[in-house]
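A.B. asks: Below you'll find the structure I mean.
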Amino acid sequence: FWTITIEDKQETRITEGDYSLRGYNLSRDGTRVAYHKAPTPLLDDGDEAEVWVMDIDGKNRVQLTDNMITEGGASLSPDNRQLLFTAGANADFETYYNRNLFLVAATGGKARPLIPDFPYGIQRARWGQDANTIYLLVNMGVHSEIMVVDVGKKT
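Laid out in structure tokens, this is it:
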């Protein structure tokens, strides 16, 4: 990761290491970043990528997943307390399932599916204006629909 000051175009390296960045999302307040870190950029190594979160200055790094499942779309909640991501796995992180929506505390812990028995595949997930609402793009088979999930009620 790098930051660049717009006024003077000053570059600052935030992280370094022998890994590949698969994707990232900045928090709404710009203080944290959720990212997918893999050992290499090779497509076959996608299952080895894991979800991480850190402060924008590179401090307080926390690895949030540790499995052999490809996760996607990691995003911090508006209050920076939770992180959502999708994965083609069930609650035990076994593969060959429709993409599920998972939540994990931004401080670490066990990721859990928000809607464990959801019968459709989740293509994308985005937080609403608060940490209680998530918008989903759902594959219904022959078409896709946008759905809204209340995090507290899981509906």
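Position in the sequence shown (from 1) plus 105 gives the number in the working numbering.
Think of the CB as a built atom: it goes at the ideal place given N, C-alpha and C, for glycine as much as any other residue.
Which residues in the same chain have their Cβ closer than 8 Å to the Cβ of ARG229, if we skip the five residues on either side of it in sequence?
C.D. replies: GLY178, THR191, LEU241 and LEU242
A.B. asks: Could you check the C-alpha separation between PHE198 and THR175 for me, to the nearest Å?
C.D. replies: 10 Å
A.B. asks: Measuring only the C-alpha atoms, how far is ALA143 from MET173?
C.D. replies: 11 Å
A.B. asks: Is GLU155 helix, strand or coil when you go by DSSP?
C.D. replies: Residue state, collapsed to three classes: strand.
A.B. asks: If you check the beta carbons only, do VAL209 and THR238 fall under 9 Å apart?
C.D. replies: no
A.B. asks: How long is the line joining the alpha carbons of GLY128 and PHE223, rounded to whole angstroms?
C.D. replies: 26 Å
A.B. asks: How long is the line joining the alpha carbons of ASP160 and LEU126, rounded to whole angstroms?
C.D. replies: 16 Å
A.B. asks: Taking the alpha carbon of TRP232 as the reference point, which residue from PRO221, GLY226 and ILE251 has its own alpha carbon closest?
C.D. replies: ILE251
A.B. asks: Using the C-alpha atoms, what's the distance from ASP184 back to ASP134?
C.D. replies: 9 Å
A.B. asks: Using a Cβ-Cβ cutoff of less than 8 Å, which residues in the same chain neighbour GLY151 once the five nearest sequence positions on both sides are dropped?
C.D. replies: ARG127, ALA143 and THR175
A.B. asks: Residue ranges of each beta strand (DSSP E) run of no fewer than 3 residues wholly in the region 109 to 155, ordered along the chain?
C.D. replies: 116 to 118, 125 to 131 and 137 to 143
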